[in-house]
Structures are given as structure tokens and as C-alpha cells.
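K.L.:
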Amino acid sequence: MRALTLPTPRDTVTSRPRIRCDASTSSNDAPRRVGRIKSIETFPLKGARGVSIEQTTVHIGTSVPRDREFALLRSENEERWGSDDVEASAGRILRTGEKKDEGHHSNKHLFHQLITDPSLAKYRGIAIGSRGLAIECAQSGEVLVRCEDYDEDASGRRAIETFFASRLETARAEAPPTLTRAEGHSFTNVGGRPKEHVLHINTVPSVRAVYDACTKSAPEGMRETLDEFAMRFRPNIVVEDESGRLRAFDEFEWCNRNVRIGSKCVLRVNEPTIRCPSTRVRYEDSETDVARPDVDIRTDFPDLRASIFGRDAIELASKGSYLGLYAVAIVPGSIEVGDDVYVL
Numbered sequence: 031m032r033a034l035t036l037p038t039p040r041d042t043v044t045s046r047p048r049i050r051c052d053a054s055t056s057s058n059d060a061p062r063r064v065g066r067i068k069s070i071e072t073f074p075l076k077g078a079r080g081v082s083i084e085q086t087t088v089h090i091g092t093s094v095p096r097d098r099e100f101a102l103l104r105s106e107n108e109e110r111w112g113s114d115d116v117e118a119s120a121g122r123i124l125r126t127g128e129k130k131d132e133g134h135h136s137n138k139h140l141f142h143q144l145i146t147d148p149s150l151a152k153y154r155g156i157a158i159g160s161r162g163l164a165i166e167c168a169q170s171g172e173v174l175v176r177c178e179d180y181d182e183d184a185s186g187r188r189a190i191e192t193f194f195a196s197r198l199e200t201a202r203a204e205a206p207p208t209l210t211r212a213e214g215h216s217f218t219n220v221g222g223r224p225k226e227h228v229l230h231i232n233t234v235p236s237v238r239a240v241y242d243a244c245t246k247s248a249p250e251g252m253r254e255t256l257d258e259f260a261m262r263f264r265p266n267i268v269v270e271d272e273s274g275r276l277r278a279f280d281e282f283e284w285c286n287r288n289v290r291i292g293s294k295c296v297l298r299v300n301e302p303t304i305r306c307p308s309t310r311v312r313y314e315d316s317e318t319d320v321a322r323p324d325v326d327i328r329t330d331f332p333d334l335r336a337s338i339f340g341r342d343a344i345e346l347a348s349k350g351s352y353l354g355l356y357a358v359a360i361v362p363g364s365i366e367v368g369d370d371v372y373v374l
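By the working numbering, the letter at position 310 of the sequence shown is numbered 340, and the numbering carries on one by one without gaps.
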């Protein structure tokens with residue numbers, strides 16, 4: 031049975047800073063430049079490596095094009111969640127859970143992901159055509175398998191499923207995963223239904239601070255580079271500040287605020303991003319590391335505070351380890367590497 035079908039969207043720190051999120055700041059304040067876009071990335075296959083983008087257009091309620099368009103549904107979940115009505119099935123999977131904040135569905139366990147299958151980091155998913163997917167070796171750049179069109183190329187779908195069945199830690203050749211795609215949906219950890227897509231934002235100073243804290247005890251010769259470590263967090267947008275004024279975790283002050291990228295695109299920052307065990311995977315060798323950002327951040331930075339969906343700021347360590355932001359597009363516009371970023 032075919033399961034779940036998403037088209038191209040239309041249309042080093044020495045102290046532990048106490049972070050606040052001042053949600054009371056007036057929207058009449060002049061826009062404040064906080065940096066510029068260093069990189070934009072989309073991740074067509076959930077769990078696999080992504081593809082860099084120089085420029086794109088973001089529409090209301092969408093993310094960057096083709097982000098998490100495909101996922102590998104675990105074979106044991108096919109009977110319950112697989113359906114010929116792929117959009118309805120995806121909608122159930124991505125529906126906000128009872129008593130959860132908007133977009134939080136807690137169903138990522140239904141799919142193969144880095145937490146369970148670190149070998150996914152060896153591969154890059156590349157969106158091709160309007161509904162296709164190619165799998166590339168991240169090290170060599172060789173295309174290993176491809177599906178030209180999810181709707182029409184059944185043999186290509188099976189080829190990708192068979193490929194991963196023999197390569198992922200928790201997959202089995204006799205029960206391969208199901209390549210999943212659903213019109214208008216993306217298989218993100220937060221959001222993913224039509225008009226409910228989010229963008230994940232990181233800043234260079236925060237990633238550098240976490241890198242220094244998490245890798246300080248790494249054995250000689252085993253320390254990743256900062257760029258390698260940064261890949262663990264899989265952001266869509268990375269913000270840097272060449273002036274040096276943007277400090278580690280300053281972005282938590284953007285919670286419950288609007289952020290403009292370039293001249294038009296405006297995002298609403300809803301919450302900081304809680305980190306999960308997938309961040310333990312080292313990208314250069316696809317091995318689980320001694321560095322555990324999902325644990326270490328709350329230990330090394332216990333005083334971080336931020337607002338979540340407009341509520342009063344809390345001490346984040348009481349809930350988990352946080353790095354980055356989730357935001358939704360509320361005004362459409364083009365975004366490009368090098369664009370200035372303003373807090374409104």
C-alpha cells in the first residue's frame with residue numbers, strides 16, 4: 031500500500047548569560063538590525079543532509095521550498111498510518127496534539143530519523159522536478175538512487191525504500207520503510223500541515239557558544255570543526271553579525287516579536303527550539319558522539335530564559351535544552367544570503 035505524496039511550495043563564551051524575552055517591547059520601536067543571513071538550507075528528506083539555497087521566496091505559512099517534503103515511514107507504522115488518501119493520513123500525523131502549542135504533534139517517532147538511524151547523515155536528499163527525490167552520497171557527491179516523480183515512478187520509490195532498508199540501523203530488508211510524501215505537507219518536528227509550516231533559525235554566536243561548551247573535553251584530534259558541529263542543528267536560516275554586537279542567545283529576546291528579512295519578508299518568532307538526541311550525531315562520521323547538546327545546553331547554560339507562544343518568559347533549563355528559534359512567515363517576500371535581518 032502506498033503511504034503518505036508535497037509539492038514545491040507555491041506561491042567562545044566565558045560566562046553564562048541570563049537571557050530575557052521582553053515581550054512588552056513596543057512595536058513602535060524603530061527596526062533594529064541584528065545581523066544578516068549567512069546561509070539558507072532546505073532538507074528534502076527528513077533526517078538526511080540538506081541543500082544550500084542562495085535565494086528563495088517565502089509565502090505566508092510556508093517554509094523554504096521542499097523542506098522535509100519526503101520522509102521514510104517506519105514499516106511497523108504502515109498499517110496504521112499508510113493510506114491511499116495520503117493527504118488525510120499526513121494531516122492526522124501532523125495534527126496539533128491535545129493541550130499542545132500550535133504545530134506540536136510529537137509524531138516524529140513514526141519515521142526513520144537521526145535519533146534512531148544516524149546513518150542518514152551519510153546521505154543528502156535532493157528534490158528533483160516537481161515531485162521527485164534523488165539520494166546522494168554526502169562524501170562523494172554521487173547520486174546513488176532516485177525517484178523521478180513520486181506519483182508516477184513506482185519503481186523509483188521502491189528503489190529508494192530498498193536502498194534505505196539495507197542501510198539504516200533500525201530498518202530491515204524484509205520490511206522496508208515507505209517513502210512518504212503528502213500534498214501541501216512537510217514532515218517537520220513542529221508544524222507541517224498546509225499554512226502551518228515553520229522556519230528554523232540559528233545564530234552563529236549561539237552555535238559557537240554551545241560548540242565551545244560541548245567539545246571542550248573532546249579527545250585530542252577528535253574535536254569537530256565549528257561548521258561540522260553546526261550541521262547537527264539543521265536550521266533553515268543562519269544569522270551572523272559581522273559587527274560582533276550579536277551575542278550568544280540574544281535571539282531569545284526575539285520571541286513574541288516580528289523579524290524582517292530583507293525589505294519585505296516578515297516572520298513571527300513563536301518559540302525557542304528544544305533540542306533532541308539527534309544532535310548527538312557527528313556528521314563527518316555518522317557516529318553518536320560523547321557531546322550531547324540535548325543535555326549539555328541546559329547544564330552549561332542554566333539561566334537562559336525566553337517566552338514560548340507569548341507567555342511569560344521561563345527558565346528554559348526547567349524544560350530542556352534550547353538552541354535556535356521557530357518562526358512563521360506572516361508577510362511574504364524574497365530572502366537571500368546576505369540580506370539584513372531586523373527585529374521590529
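Every residue, glycine too, gets a C-beta built ideally from N, C-alpha and C. Treat the numbers as computed from the prediction; the structure is a model and nothing was measured.
1) Any chance you could list the alpha helix (DSSP H) runs of at least 4 consecutive residues sitting entirely within the segment 265–343, in chain order?
2) Looking at C-alpha atoms only, which residue of Asp370, Thr200 and Asp181 is the closest neighbour of histidine 142?
3) Among the residues of its own chain, which have a CB less than 6 Å from the CB of valine 175, if the five just before and after it don't count?
4) Using the beta-carbon count (16 or more within 10 Å), is glycine 401 buried or exposed?
5) Go ahead and pull the three-state DSSP assignment for tyrosine 372.
6) With a 10 Å radius around its C-beta and 16 neighbouring C-beta atoms as the bar for buried, classify histidine 139 as buried or exposed.
7) Where does alanine 189 sit, in a helix, a strand or coil, going by DSSP?
8) Do asparagine 286 and leucine 23 come within 9 Å of each other at the CB atom, strictly closer than that value?
9) Of all the alpha helix (DSSP H) runs that stay within the bounds of the segment 101–189, which reach a length of 4 or more residues?
10) Going by C-alpha to C-alpha distance, which of Tyr356, Arg277, Arg328 and Asp315 sits closest to asparagine 300?
11) Where does valine 358 fall in DSSP's three states?
12) If the criterion is Cβ atoms closer than 9 Å, does the pair valine 367 and glutamine 85 meet it?
13) Label isoleucine 365 either buried or exposed according to how many other C-beta atoms from any shown protein chain fall within 10 Å of its C-beta, with 16 as the threshold for buried.
14) Under a three-way DSSP split, which group does serine 196 fall into?
P.N.:
Per the coordinate set shown:
1) Runs found: 323–330.
2) For histidine 142, the closest of Asp370, Thr200 and Asp181 by C-alpha to C-alpha distance is Thr200.
3) Result list for valine 175: Ile165, Ala189, Ile190 and Phe193, in chain order.
4) The shown model of the chain, from 31 to 374, leaves out residue 401, and the question about it has no answer.
5) Strand, per DSSP.
6) Counting Cβ neighbours within 10 Å, histidine 139 comes out exposed, since fewer than 16 surround it.
7) Alanine 189: helix per DSSP, three-state reduction.
8) Coverage of the chain is limited to positions 31 through 374, which leaves residue 23 absent and any answer about it impossible.
9) Listed in chain order, the complete alpha helix (DSSP H) runs (minimum 4 residues) inside the segment 101–189 are 108–111 and 116–123.
10) Ranking the options by Cα distance to asparagine 300, first place goes to Tyr356.
11) DSSP places valine 358 within a strand segment (E or B) once states are collapsed to three.
12) Between valine 367 and glutamine 85, the gap from beta carbon to beta carbon is short of 9 Å.
13) By the neighbour-count rule (16 or more Cβ atoms within 10 Å), isoleucine 365 is buried.
14) Three-state DSSP puts serine 196 in coil, outside helix and strand.
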